[in-house]
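Undergrad: Okay, here's the structure, questions in a sec.
As structure tokens, this is what we get:
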């Protein structure tokens, strides 16, 4: 799977499987992931008043609490690499994460694990090109394990990109 911000998600054969609709105003921090036909599947938005760069994902184009699927928040204190905890909707206390993203922004890589285990369910690699750097458009190569929802992983990529973009200013 390949993902370009504000663009498309393609499978290994190059067929479009998702669109990432970004807001016209960057302040809104709301992204809708839609299927190739344009039907909204999942909405990702920055959590209001979040100090730890928290994000929420909702079913379809909703932002209603009853449609919450998962939340993600960056762990504080890491400078060279980022750790993001992902909490599925029933885990409202957020004491132990359901998934963990371990990312090295300098190495342009991120791995997604089940909870605190060593079981990797997805891998992301940011692709760098001269046009991407000049135009601010980045592409990600993503490998998703069997039986893992690629829409879920695409939402994590969008969240992670926005976390890093916000930290860079």
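In our numbering, the protein residues as written are 38 to 206.
We put the CB at the ideal spot given by N, CA and C, even for glycine.
Going by CA-CA distance only, name the one from 91, 192, 127, 112 that's closest to residue 46.
TA: 192
Undergrad: Between residue 106 and residue 99, what straight-line distance do the alpha-carbon atoms span, to the nearest angstrom?
TA: 11 angstroms
Undergrad: Pick out whichever of 200, 151, 196, 163 has its Cα sitting closest to the Cα of residue 182.
TA: 151
Undergrad: Using C-beta distances below 7 angstroms, list every residue in its chain close to residue 103, excluding the 5 sequence neighbours before and after it, in chain order.
TA: none
Undergrad: What are the uninterrupted segments assigned as beta strand (DSSP E) that are 3 or more residues long and contained completely in the segment 52 to 138, given in chain order?
TA: 53 to 58, 67 to 72, 77 to 83, 92 to 96, 105 to 111, 118 to 125
Undergrad: Can you tell me the Cβ-Cβ gap for residue 215 and residue 111, rounded? I've got them flagged as a contact below 8 angstroms.
TA: Outside the modelled stretch of the chain, which goes from 38 to 206, sits residue 215, for which no answer is possible.
Undergrad: Find the nearest neighbour of residue 44 within the set 189, 57, 53, judged by alpha-carbon distance.
TA: 57
Undergrad: Report, in whole angstroms, the separation of the C-beta atoms of residue 92 and residue 161, which I expect to be a contact under 8 angstroms.
TA: Distance from residue 92 to residue 161 at the Cβ level is roughly 15 angstroms; contact not present, criterion being Cβ atoms closer than 8 angstroms.
Undergrad: In the structure shown, what three-state DSSP assignment does residue 49 receive?
TA: coil
Undergrad: Between residue 177 and residue 48, what straight-line distance do the alpha-carbon atoms span, to the nearest angstrom?
TA: 12 angstroms
Undergrad: Does DSSP put residue 200 in a helix, in a strand, or in coil?
TA: helix
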